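This report concerns only the one structure given below.
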Amino acid sequence: MAAHPLLPNLHLATTRRSTMDPSSTIRTNPRFAVSLTTAVKAATANAAFSKFAETWTGSLAVGMSADLAGLDADWDPDHLLNAKVRQTRYRGQKVFDAD
1 MAAHPLLPNL HLATTRRSTM DPSSTIRTNP RFAVSLTTAV KAATANAAFS
51 KFAETWTGSL AVGMSADLAG LDADWDPDHL LNAKVRQTRY RGQKVFDAD
């Protein structure tokens, strides 16, 4: 289990708003906000690179470990805090299905 939950971290990185109080409109250091694509890359490909694991995980490509989660949310930072994981795949195999 990750020490820092992914979806709240992606929300914070993209909006610079509190994950503890989603109704707050206060943004901390808004100049450091990044796009959702950049935030996801930081959490996947860049994280794999930081662990010297980029040759087998961190991106979706032939021969890589296909680890991914399917969410029930739009590709929008404002929907991340309410998103639910609907399906999880580990090394290409379904290991969780909410249905």
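The UniProt record's numbering puts the first residue of the sequence shown at 1, with every later residue one more than the last.
For each residue, glycine too, the CB sits at the ideal point set by N, CA and C.
Small disclaimer: the values here were computed from a predicted structure and weren't measured.
Let's test the definition: count the other Cβ atoms within 10 Å of the Cβ of residue 63 and tell me whether it reaches 16, buried, or not, exposed.
The residue labelled residue 63 in the question sits at position 63 within the sequence shown. Flag for residue 63 reads exposed.
Tell whether a beta-carbon distance below 8 Å holds between residue 73 and residue 92.
Along the sequence shown, one-based indexing puts residue 73 at 73. Along the sequence shown, one-based indexing puts residue 92 at 92. No, the Cβ-Cβ distance between residue 73 and residue 92 is not below 8 Å.
Would you mind reading off the limits of the beta strand (DSSP E) that contains residue 68?
Within the sequence shown, the letter at position 68 stands for residue 68. Its beta strand (DSSP E) spans residues 68 to 71.
Once DSSP output is grouped into helix, strand and coil, what is the label at residue 74?
By 1-based counting over the sequence shown, the position of residue 74 is 74. Coil at residue 74, not helix or strand.
Does DSSP classify residue 41 as helix, strand or coil?
Translated into positions along the sequence shown, residue 41 becomes position 41. DSSP places residue 41 in helix when its eight states are reduced to three.
Could you give the first and the last residue of the continuous alpha helix (DSSP H) run that contains residue 14?
Sequence index remark: in the sequence shown, residue 14 carries index 14 (1-based). Element bounds for residue 14: 6 to 15.
Start and end of the beta strand (DSSP E) containing residue 97?
Residue 97 sits at position 97 when you count from the first residue of the sequence shown. Its beta strand (DSSP E) spans residues 93 to 97.
Taking a contact to mean a Cβ-Cβ separation below 8 Å, would you say residue 28 touches residue 77 in this structure?
The count along the sequence shown starts at 1 and reaches residue 28 at position 28. The count along the sequence shown starts at 1 and reaches residue 77 at position 77. Against a cut-off of 8 Å, the Cβ pair of residue 77 and residue 28 comes out as no contact.
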